[in-house]
Amino acid sequence: MLMPKQKKVLIVGSGGREHALGWKLGKSGRLYFAPGNAGTAEIGENIPIPAEDIAGLSELADKLRLDLTVVGPEAPLAMGIVDEFQARGLPIFGPTAAAAKLESSKAWAAGFMARHGIAHPRSWVFLDEQEAIRFVRRFPWGKMVVKADGLAAGKGVILPDGLEEAEAAVREMLSGRSFGGAGRTIVIQERLTGPELSVLAFCDGKSAVPLLPARDYKRIGDGDRGPNTGGMGAYAPVADIDIREIHRTILQPTVEGMRKEGYPYKGVLYAGLMLTAQGPKVLEYNARFGDPETQPLMLLLKSDLAPILLACMNGTLEPEMVRFRPGASVCVVLACAGYPGPCAKGVLIEGLDTVRDPNIRMFHAGTLLNDRGVVTSAGRVLGVTAYGETIEAAIRRAYGVIGSGGVRFEGMQYRRDIGGQAYGT
Ligand code: AMP
Ligand code: GLY
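Numbering-wise, my numbering puts 421 at position 368 of the sequence shown, and it's gapless, one number per residue.
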């Protein structure tokens, strides 16, 4: 499959990840976003079709004769967007619904890792409440984790403090009260400790080529305090990581295992790892690019993205195709007041035009353009993403444009410790 010169690319989704993918892909083509945000409207055309409207999106791809569709979020992948496009002969990057089961069923993923000797926490699957409660009461491996099997918008993992909370989590999930169908099956895991790492890899069904190791910040507050969020920031590369070892023991065995089981994995594979005293173990797989990890990774990727994605789809991926610049990148997420709870929408964002440094990209997430200008439209609003020769330089650049004199909006909140060091006040 060769790309025509002025290729037409559709990016499905509306977050900072999709804006970053578009920014990288736009260098070689004409962009469409469905549904997109105020930032994507500046680099392409937003089309008001929701990411889960698979019929609508495939009709669009057909009508516009798109050369490539790239899927951001997990929901359309799990619903089979790739299967539908493929059935209609439309080129699309991402795993089929069967391959996306690595993310859409944590029970299935745990079984898969056990079958292929991929290191992960000890895991047990339950459908029956009484059985699960009995198990929890005599759980001999210390603290545990209770996970809804299915997709739960990043909220389906409970780290209970004590037996009472564990039993409550089991009951809430298995009754269908907390996550509906996604919690009708649960996975109970031993709780591991260690730093976490996000490793994303391009996969062509046969082999995996890793991107730089990245780290995201899930909690709302500095020092990892407070409730979980969709992600308050990220940086790459993480120092002192033996990526070849992770490739050999986790990424490549995953792709080989999927091929052997009849679900060749083509797309981006995201392994959420914990670096334990016994080595890296997989806490979860995602079948897509991470958000916000993708933002710094796209700033660091030197190679063109489109040829890599096409090589994944064609089964012709080579490690030399994926080249990175030296240096580091940091993404600081600006969220609205109240996040991760409900947020005020329609708050005017000021100072976007003050950022002129080519080493800084303002990737939009929850933004919307109306007659007053660019306003907030969801919890995570912007991802200030900076490149630096060193991580310290990237941190300084990113934080240097936030707040007074730079980008700001009423109630704006962000973490001060993205990249590892506390910076600013
Ligand atoms: P997941 O969505 O499975 O990555 O879980 C979300 C977060 O919960 C992870 O980033 C970890 O911080 C934590 N977590 C999940 N599973 C475990 C585990 N088995 N041990 C310790 N922490 C976990
Ligand atoms: N950064 C976490 C995720 O994309 O799931």
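The C-beta atom is built at its ideal place from N, Cα and C for all residues, glycine as well.
Helix, strand or coil, according to DSSP, for residue i in the structure here?
| i | result |
| --- | --- |
| L387 | strand |
| K61 | strand |
| A451 | helix |
| H417 | strand |
| N90 | coil |
| A475 | With a pLDDT of only 47 at A475, under 50, the local geometry of the prediction cannot be trusted, and the value read off the model is given with reservation. If DSSP states are grouped into helix, strand and coil, A475 belongs with coil. |
| R237 | coil |
| A431 | coil |
| A446 | helix |
| L204 | coil |
| L422 | strand |
| R168 | helix |
| L401 | strand |
Quickly, what does DSSP pair residue i with across the bridge? List them, please.
| i | result |
| --- | --- |
| L504 | An answer regarding residue 504 cannot be provided, because it is not within the stretch 54 to 478 covered by the chain. |
| S176 | Q242 |
| A494 | With the chain running from 54 to 478 in the structure shown, residue 494 is simply not present. |
| G66 | P88 |
| V408 | Answer by DSSP bridge pairing: none, since V408 is not bridged. |
| R461 | E403 |
| G436 | V386 and F416 |
| G82 | K60 |
Taking 6 Å as the limit between beta carbons, can you name the residues of its chain near residue i, skipping five residues before and five after?
| i | result |
| --- | --- |
| A153 | L130, A131 and A340 |
| E182 | L227 |
| I64 | E71, L74, G75, F86 and V123 |
| G82 | K60 and V62 |
| T478 | Bear in mind that a pLDDT of 35 at T478, under 50, signals an unreliable position, so the number given afterwards is only what the model happens to contain. Counting only Cβ-Cβ distances below 6 Å, and skipping sequence neighbours, we find nothing. |
| E346 | S251, A267, D269 and A287 |
| M285 | Y270, V386 and R468 |
| P290 | L265 and P266 |
| E249 | M327 |
| L358 | K77 and L78 |
First and last residue of the beta strand (DSSP E) that includes residue i?
| i | result |
| --- | --- |
| F138 | F138 -> not in any beta strand (DSSP E); alpha helix (DSSP H) instead, spanning I134 to A140. |
| P263 | A261 to P263 |
| K200 | M197 to A201 |
Give every residue of the same chain whose Cβ lies closer than 7 Å to the Cβ of residue i, excluding the five residues on either side of it in the sequence, and list them in chain order.
| i | result |
| --- | --- |
| I239 | F179, A185, V199, K200, A201, D202, V223, M226 and L227 |
| R187 | none |
| W194 | R175 and E243 |
| R450 | D410, N412, I413, A439 and G441 |
| K360 | The sequence given here places Pro at residue 360; Lys does not occur at that position. The residues are M374. |
| S231 | E225 |
The alpha helix (DSSP H) spanning residue i covers which residue range?
| i | result |
| --- | --- |
| L216 | L216 to L227 |
| F188 | E182 to R190 |
| K77 | G69 to L78 |
| T347 | T347 to L353 |
Ordered along the chain, which non-local residues of its own chain (more than five positions away) have a Cβ less than 8 Å from that of residue i?
| i | result |
| --- | --- |
| H300 | A254, A261 and P263 |
| Q139 | I145 and T149 |
| A475 | Confidence in A475 is poor, its pLDDT being 47 and thus under 50, which makes the residue's placement unreliable; the coordinate value appears in the next sentence. The residues are D275 and R469. |
| I107 | P129, M132, G133, I134 and E137 |
- Message: Ignoring anything shorter than 4 residues, give me the alpha helix (DSSP H) runs that lie fully in the region 266-345, in order along the chain.
- Response: Listed in chain order, the complete alpha helix (DSSP H) runs (minimum 4 residues) inside the region 266-345 are 296-299 and 305-313.
- Query: Hey, which unbroken runs of the beta strand (DSSP E) at 3 residues or more fall wholly within the region 93-165?
  - Reply: Listed in chain order, the beta strand (DSSP E) runs fully inside the region 93-165 are 121-124, counting runs of at least 3 residues.
- Message: If we require 4 or more residues per run, which alpha helix (DSSP H) segments fall completely within the region 352-376?
- Response: The region 352-376 contains, as complete alpha helix (DSSP H) runs of 4+ residues, the segments 358-367 (chain order).
- If you measure from each residue's Cβ to the nearest non-hydrogen atom of the ligand ZN, which ones come out under 5 Å, in chain order? Absence of the ligand ZN is noted for the structure shown, with the ligand AMP and the ligand GLY being the only ligands found.
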